[in-house]
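Residue numbers (my numbering), protein chains in the order written: chain A, 1 to 151; chain B, 1001 to 1151. Structure, as structure tokens:
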DNA sequence: GCCGTTTATCTTACATGTAAACTAATATTG
DNA sequence: CAATATTAGTTTACATGTAAGATAAACGGC
């Protein structure tokens, strides 16, 4: 493949790729800014709270939590430390497996998440207001399929 | 809006938002991994090289460059420093405005970009192979419009 | 030309992402 | 049971992202 000589399919793939990154990056930026300004939290933290909230009282081990996060899989130790220091979650050693810990929402964390989630739903609805409901559903389904066939 | 009680439109917006972030995040991750493994570079650096390559010999000031980057707008100083240290670009003080600098690709940077771009086109075509050409074009156009109506 | 404002970039401090090496506990194999 | 491999999580070092303030040069009104 000589430099700069691409097939039509490659050109269209590149265009789509760039638009996808641009659009979703801009959306993410908008939400991240709102979360920072209004709650002093960012998307990673919202993601953590969200995953823990789904588990109710059961909590998650560090590894399980990392596996469910959309964004950061990397150095989750520091993130959880900072969130624990902020009183958003609890971390208790597991009885059966002394290598492992159970992470749970604190009451403060749960309250904060509920507030954030409500606001978030409003912001996202606003950001997507130019898209009609039918397109939105098609689009969601399309993305879901495309993602499954990824790796 | 009571906790957990969302309108249909809000629910669909949230679903679309989550699928978008997941899909584009996964795509970005795939490409980032390939760039790291094959070239020791990441997407931010590829983005910088790409913007500079478009300008041919003219180069860009730090501010212009920052404005065109898809991703990082933040601490671009350090990124450019590291890339300069790797010999990928040059940084020359501007004659007319001594506050400003002109960033340009070095030969090494241009060569590297050309290699990366070719590989990138192949990888992205592969990642998007499950989508037929027509859908791809629709989707690109749709995203472009949706993005323009954002902020 | 002088002075306040704006602009371009840098610096600093810190949060987060990435990768690899490390530690301790558990599981597996013989 | 002992040797080895695997797993969970941490630690370290470094690259990158974010925000705020600092610095120096250029601009604009007077």
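Think of the CB as a built atom: it goes at the ideal place given N, C-alpha and C, for glycine as much as any other residue.
Under the DSSP assignment, residue 1103/B falls outside any alpha helix (DSSP H), being part of the beta strand (DSSP E) whose first and last residues are 1101 to 1105. For the 8 Å CB-CB criterion, residue 103/A and residue 59/A form a contact.
Within the same chain, no Cβ atom closer than 6 Å to the Cβ of residue 1021/B is found once the five residues on either side in sequence are excluded. As a beta-bridge residue in DSSP terms, residue 1092/B pairs with 1102/B. Residue state for residue 50/A is assigned as helix, using DSSP reduced to three classes. Judged by their CB atoms, residue 1142/B and residue 1050/B are not nearer to each other than the 8 Å cut-off. Annotated three-state conformation of residue 150/A is coil, per DSSP. Among the residues of the stretch 1127 to 1141 of chain B, those with a Cβ less than 9 Å away from any Cβ of chain A are 1127, 1128, 1129, 1130, 1131, 1133, 1135, 1136, 1137, 1139, 1140, 1141, in the order of the chain. In the pairwise beta carbon analysis, the stretch 80 to 93 of chain A is classified as not touching the stretch 119 to 138 of chain A: fewer than three pairs are separated by under 8 Å. Not a single CB atom of chain A sits nearer than 8 Å to the CB of residue 1034/B. Residues 1047 of the same chain have their beta carbon placed closer than 6 Å to that of residue 1070/B, with the five preceding and five following residues left out of the count. Sorting 83/A, 61/A, 127/A by C-alpha distance to the C-alpha of residue 97/A places 61/A at the top.
Using a CB distance cut-off of 8 Å, residue 1079/B does not count as an interface residue toward chain A.
Going by beta carbons, residue 140/A and residue 1019/B fall inside the 8 Å limit. Under the DSSP assignment, residue 64/A falls in the alpha helix (DSSP H) whose first and last residues are 62 to 68. No Cβ of chain B is located within less than 8 Å of the beta carbon of residue 55/A.
Proximity of residue 1106/B to chain A, defined by a Cβ-Cβ separation below 8 Å, is not satisfied. The Cβ atoms of residue 16/A and residue 1116/B do not sit closer than 8 Å to each other. Per DSSP, the unbroken alpha helix (DSSP H) holding residue 1077/B starts and ends at 1076 to 1085. Identification of residues in the stretch 1006 to 1021 of chain B having a C-beta nearer than 9 Å to some C-beta of chain A yields 1006, 1007, 1008, 1009, 1010, 1011, 1012, 1013, 1014, 1015, 1016, 1017, 1018, 1019, 1020, 1021, given in sequence order. Between residue 1127/B and residue 150/A, the C-beta spacing is below 8 Å. The Cβ atoms of residue 53/A and residue 105/A lie closer than 8 Å to each other. The residue from 1007/B, 1009/B, 1033/B, 1006/B with its alpha-carbon nearest to that of residue 1124/B is 1033/B. Under the 8 Å criterion on CB atoms, residue 65/A is classed as non-interfacial with respect to chain B. Under the three-state reduction of DSSP, residue 1140/B is assigned to helix.
Neighbours of residue 147/A in chain B, taken as residues whose beta carbon is under 8 Å from its own, are 1019, 1022, 1023, 1026 in chain order. Straight across, the Cα-Cα distance linking residue 57/A with residue 1075/B is about 40 Å.
Counting C-beta atoms within 10 angstroms of its own C-beta, residue 41/A has 16 or more neighbours from the protein chains shown and is therefore classed as buried. Taking each of 25/A, 44/A, 39/A in turn and checking the Cα distance to residue 1147/B, the smallest one comes out for 25/A.
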